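For the sequence shown, counting from 1, position 65 maps to 64 in numbering that gives the first Met the number 0; every step adds exactly one.
Beta carbons are placed, not taken as given, at the ideal position from N, Cα and C, and that holds for glycine.
Predicted model only: the values in this text are computed from it and were never measured.
As structure tokens, the structure follows; a few thoughts come after it.
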Amino acid sequence: MAGIKIKIDPVDKILLKRNLNQNGQAQKFFSSEVRRMSDPYVPFQKGPLKNTARVYPNRIEYIQPYARKNYYENKGYGTQGTSKGGLRGKQWVPRMWIDKGKTIVKSVAKFAGGVAK
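This is the structure we're talking about:
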């Protein structure tokens, strides 16, 4: 009877090899992709809201004092606003995810050396 030996790397080593460890390079790449793809959806008058966003490995922070109000209440009346057929308006990240989520998943999978289903 022949014996079979299978050597499997520990989970942490596999995740590290693919940059999938907590707050690793893949997480940073994902956050920056979400920020980049959300840019056309962020309300814009003169630019500070969209231009001062800070990207962290596990979140994107819009630091302007009026960011929360715009996120939940923006009516999209600007020249590129949702009320005029544009993309800019409230809840910009979930709306972007509906349009571009699959593209982001594919790019992160490619970055990590995998394939998106």
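Straight-line gap, residue i to residue j (C-alpha atoms, nearest Å)
i    : j    : result
N69  : W96  : 18 angstroms
R94  : V104 : 15 angstroms
K16  : Q44  : 43 angstroms
K12  : L19  : 10 angstroms
T102 : A111 : 14 angstroms
A115 : K109 : 8 angstroms
I3   : Y40  : 55 angstroms
I62  : N50  : 10 angstroms
G113 : I7   : 18 angstroms
I5   : G46  : 56 angstroms
V54  : A1   : 54 angstroms
Local Cβ density within 10 Å of residue i, reported as buried at 16 or more and exposed below that
i    : result
P42  : buried
V142 : Past the edges of the chain, shown from 0 to 116, lies residue 142, and the structure says nothing about it.
R87  : buried
N73  : buried
Member of the options whose CA lies at the smallest distance from the CA of residue i
i   : options                : result
V33 : P47, E72, P56 and G113 : P56
K83 : K89, Q63 and G75       : G75
D38 : Q90, I13 and R17       : Q90
S30 : Y71, G2, A52 and I3    : A52
V10 : Q21, I3 and G2         : Q21
Any non-hydrogen atom of the ligand GTP closer than 7 angstroms to residue i Cβ
i   : result
P93 : Only the bare structure without any ligand can be found here, which leaves the ligand GTP out of the picture.
Neighbourhood of residue i by C-beta, 7 angstroms cutoff - its chain only, sequence neighbours within 5 removed
i   : result
K27 : P56
A66 : L48
Q24 : N18
Nonlocal neighbours in the same chain, by C-beta distance under 8 angstroms from residue i, ignoring five residues either side
i   : result
M36 : M95, K99, T102 and I103
What residue ranges within the stretch 57 to 84 form continuous alpha helix (DSSP H) runs of no fewer than 4 residues, ordered along the chain?
Complete alpha helix (DSSP H) runs here, min 4: 66 to 72.
Report the start-end ranges of each alpha helix (DSSP H) in the stretch 81 to 115 that is 4 residues or longer and not cut off at the edges.
Within the stretch 81 to 115, the complete alpha helix (DSSP H) runs of at least 4 residues fall at 91 to 110.
Quick check on the DSSP output: what are the complete beta strand (DSSP E) runs of length 3 or more inside the stretch 4 to 64, in order along the chain?
Qualifying beta strand (DSSP E) stretches, in chain order: 53 to 55 and 58 to 60.
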